[in-house]
Amino acid sequence: MSEDCSPDAISCWMIENFKHDHGYREPFKVLISTILSQRTRDENTDEASRKLFSVFPTVESIAAAKPEELYGLIMRSGMYRQKAERIVNCARILLEKFDGRVPDTIEELTSIPGVGRKTANIVLNISFGKEALAVDTHVHRISNRLGWVKTKTPGETEFALMKIISPHLWGPVNGSMVEFGRQICRPVGPRCRDCAISRCCDYYGRISKEDIRQ
DNA sequence: AAAACGGGGGC
DNA sequence: GCCCCAGTTTT
Numbered sequence: 002m003s004e005d006c007s008p009d010a011i012s013c014w015m016i017e018n019f020k021h022d023h024g025y026r027e028p029f030k031v032l033i034s035t036i037l038s039q040r041t042r043d044e045n046t047d048e049a050s051r052k053l054f055s056v057f058p059t060v061e062s063i064a065a066a067k068p069e070e071l072y073g074l075i076m077r078s079g080m081y082r083q084k085a086e087r088i089v090n091c092a093r094i095l096l097e098k099f100d101g102r103v104p105d106t107i108e109e110l111t112s113i114p115g116v117g118r119k120t121a122n123i124v125l126n127i128s129f130g131k132e133a134l135a136v137d138t139h140v141h142r143i144s145n146r147l148g149w150v151k152t153k154t155p156g157e158t159e160f161a162l163m164k165i166i167s168p169h170l171w172g173p174v175n176g177s178m179v180e181f182g183r184q185i186c187r188p189v190g191p192r193c194r195d196c197a198i199s200r201c202c203d204y205y206g207r208i209s210k211e212d213i214r215q
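So in our numbering, the last one in the first sequence is 215, and the numbering has no gaps at all.
Laid out in structure tokens, this is it:
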């Protein structure tokens, strides 16, 4: 890692060293698996996605499924009924309102119940190649710890980061920052000893030794 | 702005 | 048992 602590340099370092990808590119699979990922660990998300798509591989088949039937399939992977209902409802809306296709604007995507700004931006970036920044708890926390922003909400963070990070890095840095947050810059007990960019970090100067986990 | 929601897993 | 998790919705 160079001496450069600029947001773009840190972003590139994260992109180089931390990968995080659910593996899907088809719009509807990205949308569905991202809904599955909401407030849920990746291991559970990946398992549930595989089970779901192995039985219901298309928008049409999901739309035709009974929510209970779909729930029975994914319930062992940390999922719950509301999410199964959201997914079936989402597939039906895609079919009825969007001609069976996933829309490619933030307004249309967030009009679907269960799809917020973060999920919509993931789809826009991964499936449609648009420059979008999906701010989740990891991105929000890490951006504030590093001192790049001083924000209270993910919405503020998204707006502030767009002025700090080069647009072509928005997509790639997203998953990398999440993985960095899972492995190193964790919500509690961050592994600052193992962190190669601690000298660039505001939080590292404030955190007490006993709060750092080996 | 804060609480509700939701269930498996780590501790 | 309690707290957390690639959030979203409701109060």
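Glycine included, every Cβ here is placed at the ideal spot set by N, Cα and C. As the structure is a prediction and not an experimental result, all values here were calculated from the model.
Whole-number beta carbon distance between residue j and residue i, since they are thought to touch under 8 Å
{"i": "Phe29", "j": "Leu95", "result": "7 Å"}
{"i": "Ala49", "j": "Leu37", "result": "5 Å"}
{"i": "Leu125", "j": "Ile107", "result": "7 Å"}
{"i": "Arg214", "j": "Arg192", "result": "6 Å"}
{"i": "Gly117", "j": "Cys91", "result": "Not confirmed; about 12 Å, so no contact."}
Outcome for residue i when other beta-carbon atoms lying within 10 angstroms are tallied against a minimum of 16
{"i": "Ala197", "result": "exposed"}
{"i": "Gly130", "result": "exposed"}
{"i": "Glu159", "result": "buried"}
{"i": "Lys151", "result": "exposed"}
{"i": "Ser172", "result": "Here the sequence assigns Gly to residue 172, which means Ser is not the residue at that position. Result: buried."}
{"i": "Ser12", "result": "buried"}
{"i": "Thr46", "result": "buried"}
{"i": "Pro188", "result": "exposed"}
{"i": "Lys98", "result": "exposed"}
{"i": "Lys210", "result": "exposed"}
Sequence-distant residues of the same chain with beta carbon closer than 7 Å to residue i, five excluded per side
{"i": "Phe54", "result": "Lys30"}
{"i": "Ile88", "result": "Ile33, Ile36, Ile63, Leu71"}
{"i": "Arg26", "result": "Ile127, Ser128"}
{"i": "Ala121", "result": "Ile107, Leu110, Thr111"}
{"i": "Ser199", "result": "Cys193, Tyr205"}
Own chain, CB closer than 6 Å to residue i, minus 5 neighbours either side, in chain order
{"i": "Thr41", "result": "Gly79"}
{"i": "Cys186", "result": "Ile143"}
{"i": "Phe19", "result": "Ser177, Glu180, Phe181"}
{"i": "Pro155", "result": "Val136, His141"}
{"i": "Ala161", "result": "Val150, Thr152"}
{"i": "Val103", "result": "Pro28, Phe29, Leu32"}
Closest residue to residue i among the options (Cα-Cα distance)
{"i": "Cys201", "options": "Arg26, Gly148, Pro155", "result": "Gly148"}
{"i": "Lys164", "options": "Glu97, Ala133, Cys91, Asp43", "result": "Ala133"}
{"i": "His169", "options": "Asp5, Asp9, Glu4", "result": "Asp9"}
{"i": "Ile75", "options": "Pro155, Phe57, Lys119", "result": "Phe57"}
{"i": "Asp100", "options": "Gly156, Glu61, Glu211", "result": "Glu61"}
{"i": "Gly190", "options": "Asn175, Ile208, Asp203, Arg77", "result": "Ile208"}
{"i": "Asn175", "options": "Glu4, Lys98, Ile16, Arg51", "result": "Ile16"}
{"i": "Ile123", "options": "Asp212, His21, Thr59", "result": "His21"}
{"i": "Lys229", "options": "Ala65, Arg77, Cys6", "result": "Only positions 2 to 215 of the chain appear in the structure, and residue 229 is not among them; the question remains open."}
{"i": "Ser7", "options": "Ile166, Glu44, Asp212", "result": "Ile166"}
{"i": "Gln39", "options": "Asp212, Asp105, Lys84", "result": "Lys84"}
Contact set for residue i: own chain, Cβ-Cβ below 8 Å, skip 5 residues either direction
{"i": "Lys67", "result": "Val89"}
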